[in-house]
Amino acid sequence: MADQTFPIGGTLDLTPPRVAKETFLEWIHGWVTTVDHKRLGILYLLYAILFLLVGGAEAIAIRIQLAFPDNHFLAPDTFNRLFTMHGTTMVFLMGMPFLFGFANYIVPLQIGARDMAFPRLNALSFWLTAFGGAMLYYSFIGGSGLYGVGNAPDVTWWAYAPLTSKAFSPGHGVDYWALSLIIAGIGTLGGAINIIATVLSMRCKGMTLLRMPLFAWLMLVVSGLLLITITPLTAAQVMLTIDRYLGGHFFDTQAGGSAVVWMHFFWIFGHPEVYVLVFPAFAIANEVIPVFSRKPIFGYPAMVAASVGIAFISLGVWAHHMFTVGMTSVDNTFFVLSTELVGVPTGIKIFNWLATMWGGKIRFKVPMLFLTGFLFQFLIAGLTGIILSIAPFDWQLHNSYFVIAHFHYMLVGSIVFAIFGGFYYWYPKFSGRMMSEKLGKWHFWLMLIGFHVTFDTMHFVGLMGMPRSIYTYEADRGWAHLNTIISIGGFVQAIAVLIFGFNLVWSYYKGKEAGNDPWDAWTLEWSTSSPPPVYNYAVEPEVRSRRPLWDLKHPEDPDWNYE
Amino acid sequence: MNREWLRAPRRAAIATLSLLLFSCRAFAAGPQATPSIFAPASTPATDISHLAYFVLSIVAGIFIVVGGLLTFVVIRYRDRDSNDKREPAQIYGSNQIELAWTVIPILIVVVLFLTTARMIFAIQDAPKPPSALNVTVVGHQFWWEFRYPKLGIVTANELHVPLSSHQEPRPTYLKLLSADVVHSFWVPQLAGKTDVIPNHPNLTWIDPQHPGVYVGQCAQFCGVQHAKMLLRVYVDTPEQFAAWVKNQQQPGVQDASVAAGRRIFETEACMNCHTVRGTAATGRFGPDLTHLMSRNTIASGAVPLNRQTLRQWIEEPDSMKPGVLMPAMKLDDQQLDELTDYLMTLK
Amino acid sequence: MSATSLIPNAAALPGEEWRLPSRGRVAMFCLIIGESAIFTIFVVAYIFYIGKSLYGPTPQQVLEIPVFGTICLLSSSFVIWLAERALERNKIKLFGAFWALTLALGVFFLVDTGFEWHTLIYEKGLTISTNLFGTTFYSLVGLHATHVLFGIVGLTTVLIFTLLGKVREEHCERIQVLALYWHFVDAVWVVVFTVVYILGR
Numbered sequence: 003m004a005d006q007t008f009p010i011g012g013t014l015d016l017t018p019p020r021v022a023k024e025t026f027l028e029w030i031h032g033w034v035t036t037v038d039h040k041r042l043g044i045l046y047l048l049y050a051i052l053f054l055l056v057g058g059a060e061a062i063a064i065r066i067q068l069a070f071p072d073n074h075f076l077a078p079d080t081f082n083r084l085f086t087m088h089g090t091t092m093v094f095l096m097g098m099p100f101l102f103g104f105a106n107y108i109v110p111l112q113i114g115a116r117d118m119a120f121p122r123l124n125a126l127s128f129w130l131t132a133f134g135g136a137m138l139y140y141s142f143i144g145g146s147g148l149y150g151v152g153n154a155p156d157v158t159w160w161a162y163a164p165l166t167s168k169a170f171s172p173g174h175g176v177d178y179w180a181l182s183l184i185i186a187g188i189g190t191l192g193g194a195i196n197i198i199a200t201v202l203s204m205r206c207k208g209m210t211l212l213r214m215p216l217f218a219w220l221m222l223v224v225s226g227l228l229l230i231t232i233t234p235l236t237a238a239q240v241m242l243t244i245d246r247y248l249g250g251h252f253f254d255t256q257a258g259g260s261a262v263v264w265m266h267f268f269w270i271f272g273h274p275e276v277y278v279l280v281f282p283a284f285a286i287a288n289e290v291i292p293v294f295s296r297k298p299i300f301g302y303p304a305m306v307a308a309s310v311g312i313a314f315i316s317l318g319v320w321a322h323h324m325f326t327v328g329m330t331s332v333d334n335t336f337f338v339l340s341t342e343l344v345g346v347p348t349g350i351k352i353f354n355w356l357a358t359m360w361g362g363k364i365r366f367k368v369p370m371l372f373l374t375g376f377l378f379q380f381l382i383a384g385l386t387g388i389i390l391s392i393a394p395f396d397w398q399l400h401n402s403y404f405v406i407a408h409f410h411y412m413l414v415g416s417i418v419f420a421i422f423g424g425f426y427y428w429y430p431k432f433s434g435r436m437m438s439e440k441l442g443k444w445h446f447w448l449m450l451i452g453f454h455v456t457f458d459t460m461h462f463v464g465l466m467g468m469p470r471s472i473y474t475y476e477a478d479r480g481w482a483h484l485n486t487i488i489s490i491g492g493f494v495q496a497i498a499v500l501i502f503g504f505n506l507v508w509s510y511y512k513g514k515e516a517g518n519d520p521w522d523a524w525t526l527e528w529s530t531s532s533p534p535p536v537y538n539y540a541v542e543p544e545v546r547s548r549r550p551l552w553d554l555k556h557p558e559d560p561d562w563n564y565e
Numbered sequence: 038m039n040r041e042w043l044r045a046p047r048r049a050a051i052a053t054l055s056l057l058l059f060s061c062r063a064f065a066a067g068p069q070a071t072p073s074i075f076a077p078a079s080t081p082a083t084d085i086s087h088l089a090y091f092v093l094s095i096v097a098g099i100f101i102v103v104g105g106l107l108t109f110v111v112i113r114y115r116d117r118d119s120n121d122k123r124e125p126a127q128i129y130g131s132n133q134i135e136l137a138w139t140v141i142p143i144l145i146v147v148v149l150f151l152t153t154a155r156m157i158f159a160i161q162d163a164p165k166p167p168s169a170l171n172v173t174v175v176g177h178q179f180w181w182e183f184r185y186p187k188l189g190i191v192t193a194n195e196l197h198v199p200l201s202s203h204q205e206p207r208p209t210y211l212k213l214l215s216a217d218v219v220h221s222f223w224v225p226q227l228a229g230k231t232d233v234i235p236n237h238p239n240l241t242w243i244d245p246q247h248p249g250v251y252v253g254q255c256a257q258f259c260g261v262q263h264a265k266m267l268l269r270v271y272v273d274t275p276e277q278f279a280a281w282v283k284n285q286q287q288p289g290v291q292d293a294s295v296a297a298g299r300r301i302f303e304t305e306a307c308m309n310c311h312t313v314r315g316t317a318a319t320g321r322f323g324p325d326l327t328h329l330m331s332r333n334t335i336a337s338g339a340v341p342l343n344r345q346t347l348r349q350w351i352e353e354p355d356s357m358k359p360g361v362l363m364p365a366m367k368l369d370d371q372q373l374d375e376l377t378d379y380l381m382t383l384k
Numbered sequence: 378m379s380a381t382s383l384i385p386n387a388a389a390l391p392g393e394e395w396r397l398p399s400r401g402r403v404a405m406f407c408l409i410i411g412e413s414a415i416f417t418i419f420v421v422a423y424i425f426y427i428g429k430s431l432y433g434p435t436p437q438q439v440l441e442i443p444v445f446g447t448i449c450l451l452s453s454s455f456v457i458w459l460a461e462r463a464l465e466r467n468k469i470k471l472f473g474a475f476w477a478l479t480l481a482l483g484v485f486f487l488v489d490t491g492f493e494w495h496t497l498i499y500e501k502g503l504t505i506s507t508n509l510f511g512t513t514f515y516s517l518v519g520l521h522a523t524h525v526l527f528g529i530v531g532l533t534t535v536l537i538f539t540l541l542g543k544v545r546e547e548h549c550e551r552i553q554v555l556a557l558y559w560h561f562v563d564a565v566w567v568v569v570f571t572v573v574y575i576l577g578r
């Protein structure tokens, strides 16, 4: 089954090999100057994996410090820098590059195009993001040097004013935070514009918007959301920089400015941002779950509507991060309602995935293992989100470890699990080789166990009154044993991620040859060779339904009879 | 190979979760070392915990239904025979089903929303009874200042409030101000947290029903020693509270035998930051020390108060709370001893 | 199987025309949406802080309506529209003239803003660090002026190409995309003008 190939004419790469092997410098030059969406996609993905490891190392350091009460593994200001960098890294240098990596590689292939709409803008966007990340990490060694972990920002990833003013943060940490994210943000904006233009303007013949794979739909929606999500953060960071260097008073409470204004601006970015991060997970789920259940996605139009609905509603929930700030009861009530409402289309998505699997023939290869983990964990994450939306309950849970547990259930349990699934799914397309199933299973089970040991336990320590952002805690608080357990789970997850990294490298050289279509899937990218030729399609494809390869493989029962 | 690979771990998880949730609860009412939100001792915290149980049960119900369905699907529709290449029936969707699972969640949202709205108004807009005690809380990096305007008392880090009860309500209303950055006042057993924001006064209230010491801490990152900006709320019986108030209202004890220490205090710049009422020391940057020895801790709850810790604190505050804003005064041993002796008289 | 037909009965496809929006236009709309979000944040900050300065000059005291600059900028939108129409009819010289006039009007706007700021800073004592009004005023108006500057750079580039004889009727589409940006900059000025010089005073 996996060897049946249905190539569209002209997509098998028949170019003869070069006469002379390219030199190392030529090879590097090729990668550095590339404008090919596939190569840029790989660069984004490698970048994201690098920072997954770096951010993970920061997390391990944090967990060692917190494993025991009154611990002295890390000095207080080092700890504060590490958790600020951990959060900032995982959101901006891991989550967003994974989004753009997958989008860049797969969207043009799925819509039958030869590249993104603006290949050079694509390259610029990647390098701006990369530079922003490098600048952020330069902060560790810039300024006062390595002692005390240099000048890395130590103001949490949400950087509340006036702690970030020159008066309370005289070093350069805040400046590294603001400026590197402004630069990376411009790259993000370029990437989002590119995806929208590609999806709207470069679909192959017959691919109406409602025949587009849901992966491409979700990348379109997330890019639209990004346009108005990342820009408020850029604006706020510019304001912060004006305050710090030009004597501005945007957030200067001594001059009548407002700390709450920063909070509003930040969370107007911050909340939609987490939806930006989760949409790629949805996108991957929408591809992997149907293929491995051997059924089309249940309720395609409802899934499109739900995705768009989530994007819109997510713009109106931001102040649920500010329930404790002293807004009026009417304000608080509004945001309770809007936050709960966003749970409705989210639930619809879960139900549709469930219905897709219902009546199917589920093949539990490694991608599906991860996506099944995603489904359970996303359900729980969404439910703890509903818990947090109950403002009076949030008055207790806000800024406690319960919140950390909730959003790690989203970020790790849902998003990272889905991304792992996406890697196992598309790695054959990227490289021409299958990833090792055996190593993949070890990766999955260790990740699952470590994840639950850490993050299930973490909910309880939050309910027991442990706040976040603390470098240590008193021994008599009763949090010690649970914290030790949480830390142990962290180490198990670290091992799992290292196995993943090893699998990526090992499979590149020793993996089984994949062929065009190892999973017997139905979207256009599986009709090309693995990896696809640089031009993707010699001739522009034409489609008549949502699953063009299904139609090819089942000419007696094509999809277009039913859509 | 038909392993029920999800059942066993899931059962273990449920068992562990129940055990852990159970362990969060207090058995005795009253303060405890672990400030669990499920051991409330004051009306706002109690109301919140009741709402929490309600919400948790609804959420648990949803989890059991949907999670159960997921588990069922994963087991029942597993591909058991990979040699059988037939594809299952290709179902594209169903409008009725979509409608059903849109309407039911909306109904759940309505129920949750109405319950929540009611409680928001009940807690936030609760009318203030005339018997309420007014305290102004000022958050600093990294300590708490408490002012009782009508009683003429200023103290730090340990908040004394009177016991309240349903028959004789005597809530304490806390006006929250900040001297520098954003903090958050959180004592889980007494109430939800409220942020302490410069240029943005906030109001919260507690009415503790059981006497004792309740612990809490700052809940919004405020700088390097955020972790040790702890809170101790002493809920006193009416007699205890009256006695405490009377003591606090006195000016600082003047003990001639520690005059040397007092001179050091007044000449070595201590008075630039600290106040001892009745003396020339009127600094406002650091905690009021007039009745320092009436407290059980220093460094905002981080360090127990006794002669040895007090001496070490004055000698080198960074050794106990690195990054704290009090500088080491570089006193020699004799000065330290005399100064400590003086401070130990400020009961 | 023929290379072009993925589907056995390609002839059964309805003979509809397959038209997709131009990617340049889509991209410019997206950029405009993103930039609008940035401006919205600065406008919201401006409006929120109206009347909240604790000291220093107030808008009523120091602001004068920049009539000349506004007329220049708003009329430049009309002129650039004339330029687009001229290019559509392949009247390159006329296009060049209108385009240069647009550029000039944009420059006049910036110069007028410069004079206004000079007066405010040196005679009226309002700088970005004076008070909340100063901070929000210079940030918002300055952000807009920066965008006018970007537009001027784009206009100048096209003008140079026109003078070198490289611009022809088939470049109509791209010119329109750039003109779209210029119209956006104008529209933002209408909002900024209303908020700062009318609402705020």
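In order, the protein sequence lines correspond to chains A, B and C.
Residue numbering for the first sequence follows the numbering used here, beginning at 3 and increasing consecutively.
Residue numbering for the second sequence follows the numbering used here, beginning at 38 and increasing consecutively.
Residue numbering for the third sequence follows the numbering used here, beginning at 378 and increasing consecutively.
For glycine and all other residues, C-beta sits at the position ideal for the given N, C-alpha and C.
Computed from a predicted structure; not experimentally measured.
Task: Chain-ordered chain C contacts of A/Leu248 [CB-CB under 7 angstroms] - done: The answer, in chain order, is Ile505, Ser506.
Open item on the list: Can you give me the C-alpha to C-alpha distance between B/Ile145 and A/Leu385, rounded to a whole angstrom?
Closed with: Pairing B/Ile145 with A/Leu385, the inter-Cα distance amounts to about 12 angstroms.
- [ ] Give the DSSP bridge partners of B/Lys212, in chain order.
- [x] Per the DSSP secondary-structure output, B/Lys212 pairs in a beta bridge with B/Thr173, B/Leu240.
Open item on the list: Let's test the definition: count the other Cβ atoms within 10 Å of the Cβ of B/Asp162 and tell me whether it reaches 16, buried, or not, exposed.
Closed with: By the 10 Å Cβ count, B/Asp162 comes out exposed.
Task: Listed by chain order, chain C residues near A/Lys207 by CB distance under 8 angstroms - done: One finds Trp395 in chain C with Cβ atoms closer than 8 angstroms to the Cβ of A/Lys207, taken in chain order.
- [ ] Name the residue from A/Phe300, A/Val332, A/Phe419, A/Leu413 whose alpha carbon lies nearest to the alpha carbon of A/Trp360.
- [x] The option with the nearest alpha carbon to A/Trp360 is A/Phe300.
Open item on the list: Quick check on C/Val403 - is its C-beta less than 7 angstroms from some C-beta in chain A?
Closed with: At least one CB of chain A lies nearer than 7 angstroms to the CB of C/Val403.
Task: C/Ile415 at chain A interface by Cβ criterion, 7 angstroms - done: Judged by the 7 angstroms Cβ criterion, C/Ile415 is in contact with chain A.
TODO: Kindly indicate if chain C contains any beta-carbon less than 7 angstroms away from that of A/Pro215.
DONE: Interface criterion not met: the Cβ of A/Pro215 is under 7 angstroms from no Cβ in chain C.
- [ ] Tell me, please, whether the CB atom of B/Trp138 is closer than 7 angstroms to any CB atom in chain A?
- [x] Chain A, which has a Cβ nearer than 7 angstroms to the Cβ of B/Trp138, makes this yes.
- [ ] Decide if C/Val488 is buried, meaning its Cβ has at least 16 other Cβ atoms within 10 Å, or exposed.
- [x] Exposed, since its Cβ has fewer than 16 Cβ neighbours within 10 Å.
Task: C-alpha gap between B/Pro142 and A/Leu27, whole angstroms - done: Approximately 58 angstroms between the Cα atoms of the pair.
Open item on the list: Measuring straight from C-alpha to C-alpha, what distance separates A/Pro2 and A/Tyr403?
Closed with: A question about residue 2 of chain A goes unanswered here, because the residues of chain A that appear run from 3 up to 565.
Task: Contact belief for A/Thr486 with A/Ala69 at Cβ below 8 angstroms, rounded distance in angstroms - done: A/Thr486 to A/Ala69, Cβ: 5 angstroms. Contact.
Task: Sufficient close CB pairs (3 or more, under 8 angstroms) joining the region 416-426 of chain C to the region 451-470 of chain C - done: No, the region 416-426 of chain C does not touch the region 451-470 of chain C.
Open item on the list: Using a Cβ-Cβ distance cut-off of 7 angstroms, determine whether C/Lys429 contacts chain A.
Closed with: Proximity of C/Lys429 to chain A, defined by a Cβ-Cβ separation below 7 angstroms, is satisfied.
Open item on the list: For C/Asp563, count the other beta carbons within 10 Å of its own beta carbon; 16 or more makes it buried, fewer makes it exposed. Which is it?
Closed with: By the neighbour-count rule (16 or more Cβ atoms within 10 Å), C/Asp563 is buried.
Task: Cutoff 6 angstroms; reference A/Trp320; Cβ partners in own chain excluding five residues on either side - done: Taking C-beta separations shorter than 6 angstroms and ignoring five residues to either side along the sequence, the partners of A/Trp320 in its chain run Trp269, Ile270, His273, following chain order.
Task: Rounded C-alpha distance that separates B/Arg269 from B/Ser331 - done: So the two alpha carbons sit approximately 13 angstroms from each other.
Open item on the list: Closer than 8 angstroms between beta carbons: that is the criterion. Which residues of the region 178-208 of chain A meet it against chain C?
Closed with: For the region 178-208 of chain A, which is checked against every Cβ of chain C, the residues closer than 8 angstroms are Leu191, Ala194, Ile195, Asn196, Ile198, Ala199, Thr200, Leu202, Ser203, Met204, Arg205, Lys207, Gly208.
Open item on the list: Rounding to the nearest angstrom, what Cα-Cα distance links A/Ile232 and C/Ile409 in this structure?
Closed with: Computed Cα separation, rounded: 14 angstroms.
Task: First through last residue of the alpha helix (DSSP H) which encompasses B/Leu347 - done: DSSP places B/Leu347 inside the alpha helix (DSSP H), whose first and last residues are 344-352.
TODO: Give every residue of the same chain whose Cβ lies closer than 7 angstroms to the Cβ of B/Leu188, excluding the five residues on either side of it in the sequence, and list them in chain order.
DONE: Counting only Cβ-Cβ distances below 7 angstroms, and skipping sequence neighbours, we find Val282, Gln286.
TODO: At 4 residues or longer, and completely inside the region 402-468 of chain C: list those alpha helix (DSSP H) runs for me, N to C.
DONE: Taking only runs of at least 4 residues, the alpha helix (DSSP H) segments lying wholly in the region 402-468 of chain C are 436-439, 444-465.
Open item on the list: Going by DSSP, what residue range makes up the beta strand (DSSP E) through B/Ile190?
Closed with: Taken as a continuous stretch (DSSP letters only), the beta strand (DSSP E) holding B/Ile190 covers 190-193.
Task: Whole-Å CB distance - B/Phe183 paired with B/Met266, under 8 angstroms assumed - done: About 14 angstroms; that fails the 8 angstroms criterion.
Open item on the list: With a threshold of 7 angstroms between beta carbons, is C/Cys549 in contact with chain A?
Closed with: Not one chain A Cβ lies under 7 angstroms of C/Cys549.
Task: Alpha-carbon to alpha-carbon, A/Lys367 and A/Phe294 - done: Distance between the alpha carbons of A/Phe294 and A/Lys367 is about 8 angstroms.
TODO: At 9 angstroms on the CB atoms, spell out the chain A contacts of B/Ile335, in chain order.
DONE: Within chain A, no residue has its CB atom less than 9 angstroms from the CB of B/Ile335, the nearest being about 14 angstroms off.
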